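In this note's numbering, the protein residues as written are 850 to 995. Right, one structure below, let's go through it.
Now the structure itself:
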C-alpha cells in the first residue's frame, strides 16, 4: 500500500512538472532597461519592457505616469498606442516594447531651474479585450537638465 501511495505521489509531481505555462487573457508587462543612466532631459531616452499575452490581442494602449522626486504627487497617466506587434488573436504573444521618450516628455525648466532630478514610472498596458495588466514600478533613474 505504501508503494502505491509513493508511486501516486511521484506520478502527480511528474504530471504537474510537465504542464504548459498558461498566460491567460491578462497581459503581463515587466521592466527591462533604460537606454542610459543618467538621462539627459534634452535628448530623452528609451525605456524597454517585455510584454506577453496569452491570447495575443495586446495591441491597444500603453499607459505610463512619470513620478519625479520634485513632484511626487503628480501621478497623471499618459496613454500611447502600442506598436504593431504582428499578433494574431488567439495566439500566445511575447514581445519587447520600447517606450521612446523625447525632450517634450520631460518637464520644461521654469523660473526655478532644477539641475538634477530622479524619475520612475508607473506602467500598465491594456489589450483589445479590455484586460489590464498589473501596474508595475520601474527603478529610479537620474534626470539631468542642461
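We treat Cβ as the ideally placed atom computed from N, Cα and C, and that holds for glycine. Just so you know, these numbers come straight off a predicted model, no measurement behind them.
Between residue i and residue j, which are expected to be in contact by the criterion C-beta below 8 Å, what is the C-beta distance as a whole number of angstroms?
{"i": "residue 931", "j": "residue 910", "result": "7 Å"}
{"i": "residue 956", "j": "residue 907", "result": "Rounded, the Cβ-Cβ distance is 30 Å, inconsistent with contact."}
{"i": "residue 887", "j": "residue 986", "result": "Rounded, the Cβ-Cβ distance is 19 Å, inconsistent with contact."}
The beta strand (DSSP E) spanning residue i covers which residue range?
{"i": "residue 894", "result": "894 to 902"}
{"i": "residue 912", "result": "910 to 917"}
{"i": "residue 966", "result": "965 to 975"}
{"i": "residue 922", "result": "Residue 922 -> no beta strand (DSSP E), and no H or E assigned at all."}
Taking its Cβ as the centre, do 16 or more other Cβ atoms sit within 10 Å of residue i, making it buried, or is it exposed?
{"i": "residue 995", "result": "exposed"}
{"i": "residue 974", "result": "buried"}
{"i": "residue 923", "result": "exposed"}
Select from the options the residue whose C-alpha is nearest the C-alpha of residue i.
{"i": "residue 952", "options": "906, 877, 992 and 879", "result": "992"}
{"i": "residue 926", "options": "918, 954 and 978", "result": "954"}
{"i": "residue 965", "options": "889, 885 and 878", "result": "889"}
Please determine if the region 894 to 906 and the region 942 to 950 are in contact, where contact requires at least 3 C-beta pairs separated by less than 8 Å. yes
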